[in-house]
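So the structure is just underneath, and the comments pick up after that.
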Ligand SMILES: [Zn+2]
Ligand SMILES: [Zn+2]
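Numbering (our numbering), first residue to last: 17 to 431.
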């Protein structure tokens with residue numbers, strides 16, 4: 017078996033790995049590089065034979081999870097190339113695609129499922145469901161020609177599915193020749209001490225909600241399902257309902273899990289900001305709106321509800337009159353990676369908060385494993401070679417892990 021990393025050997029974002037056996041090939045992830053300008057995306061698609069021109073030796077593409085840095089360039093691949101992705105991950109992408117800029121969904125993908133091997137030509141792929149900030153995320157074991165490669169994808173141990181990490185460590189796939197392991201958090205602050213768990217965050221949200229007189233806004237990603245559950249639980253503990261918008265409602269529905277908050281739950285309310293009403297009209301999303309309107313509240317009801325509510329915030333809410341009417345006594349929590357705060361769109365939100373005298377705090381934990389958890393993971397899998405990926409600090413791998421063999425982007429090597 018041969019491997020080459022197209023992108024990701026020295027960076028976070030744009031992950032793409034090509035695997036070859038018996039002259040046939042599979043690709044693991046086709047991610048969008050961070051900060052890639054929209055107009056250049058197509059030119060950034062890796063030079064994989066079969067992506068642009070027909071090539072029958074390319075058997076397909078496996079998407080580890082529905083984060084842009086793992087699937088974001090896939091829209092530029094010939095549509096005839098088969099794609100595998102988790103079913104719930106696919107459903108979330110599909111549901112979200114009409115609500116977000118640059119939304120993308122695969123036309124007819126095959127589905128990955130936890131520990132259900134897939135045979136494709138000379139390859140046998142076994143997906144392992146992992147704990148990550150994206151729902152339905154997988155690590156992938158690739159077997160061919162008697163060799164075994166394990167690709168970690170993105171993962172952590174401190175989320176709501178941390179049990180998956182411990183299960184993998186108790187019973188790791190044996191005899192791994194190459195481990196491609198992510199190292200997102202290396203070099204970031206606090207990573208050696210370990211991170212707060214989602215349950216820790218839940219307690220902090222409870223505190224924050226208790227200390228807020230009026231409405232409490234939380235700015236997070238609607239696709240970070242773990243976090244939405246954390247916020248919902250904290251809201252419930254403090255006697256507050258969770259106000260979501262239709263986009264969040266369709267994403268929660270797409271998880272297909274009745275254990276995850278849904279728009280019809282008694283502790284959940286639907287609120288549609290003005291800008292989203294326009295979007296619904298333009299895209300004729302009336303059926304979606306109807307389906308999620310059982311607990312709908314209108315602008316006039318917001319002031320009366322404010323002290324008993326938590327609203328998931330999205331920047332489009334800044335221009336909404338209903339939101340403007342509940343800023344007095346409001347609280348605001350930022351619940352995403354701090355790095356995004358530097359972006360212009362975030363700066364606009366910060367200025368809006370300042371103008372309206374709303375204090376901001378941050379409550380967040382990483383979607384990626386701490387150094388200690390990466391070390392436990394690497395030790396359990398005990399690969400013959402550990403190849404760094406998805407990290408800006410790949411140079412630090414040798415001091416932290418055994419058997420590290422760094423590879424360069426574009427370099428083919430024999431496993
Ligand atoms: Zn990633
Ligand atoms: Zn990810």
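The C-beta atom is built at its ideal place from N, Cα and C for all residues, glycine as well.
Just so we're clear, the structure is a prediction, and the values are computed from it rather than from any experiment.
query                                                                                                                                                                         : result
Just mark residue 292 as buried or exposed, buried being the case when its beta carbon has 16 or more other beta carbons within 10 Å.                                         : buried
Determine the DSSP secondary structure at residue 308, reduced to helix, strand or coil.                                                                                      : coil
Would you say the beta carbon of residue 27 is closer than 8 Å to some non-hydrogen atom of ligand 1?                                                                         : no
Based on the DSSP secondary-structure assignment, which residues constitute the bridge partners of residue 36?                                                                : 18, 41
Report the three-state DSSP secondary structure of residue 415 (helix, strand or coil).                                                                                       : helix
Closest to residue 256 by C-alpha separation, out of 19, 247, 233, 324, would be which residue?                                                                               : 324
Under the DSSP definition of a beta bridge, which residues are partnered with residue 377?                                                                                    : 349
When you compare each of 134, 101, 186 to residue 394 by their alpha carbons, which one comes out closest?                                                                    : 186
Taking the C-alpha atoms as reference points, what is the distance between residue 72 and residue 180?                                                                        : 36 Å
Evaluate residue 302 with the Cβ neighbour count: other Cβ atoms within 10 Å of its Cβ, from every protein chain shown; 16 or more gives buried, anything less gives exposed. : exposed
From residue 119 to residue 268, what does the alpha carbon distance come to, in whole angstroms?                                                                             : 17 Å
Can you list, in chain order, the residues of its chain with a C-beta nearer than 7 Å to that of residue 37? Leave out the 5 residues immediately preceding and following it. : 17, 138, 139, 160, 161
Got a list of residues with beta-carbon closer than 7 Å to any non-hydrogen atom of ligand 2, in chain order?                                                                 : 81, 83, 85, 86, 148, 149, 150, 153, 170, 383
Is residue 201 near ligand 1, with its Cβ less than 8 Å from a heavy atom?                                                                                                    : no
Which parts of the segment 192-252 are runs of the beta strand (DSSP E), unbroken and 3 residues or longer, counting only runs that do not cross its ends?                    : 194-198, 232-235
Taking the continuous beta strand (DSSP E) assigned at residue 397, which residues delimit it?                                                                                : Segment 387-397 is the alpha helix (DSSP H) holding residue 397; no beta strand (DSSP E) there.
Under 9 Å between the Cβ atoms of residue 86 and residue 169?                                                                                                                 : yes
Measuring only the C-alpha atoms, how far is residue 358 from residue 39?                                                                                                     : 45 Å
Just to confirm, is the Cβ distance from residue 46 to residue 88 under 9 Å?                                                                                                  : yes
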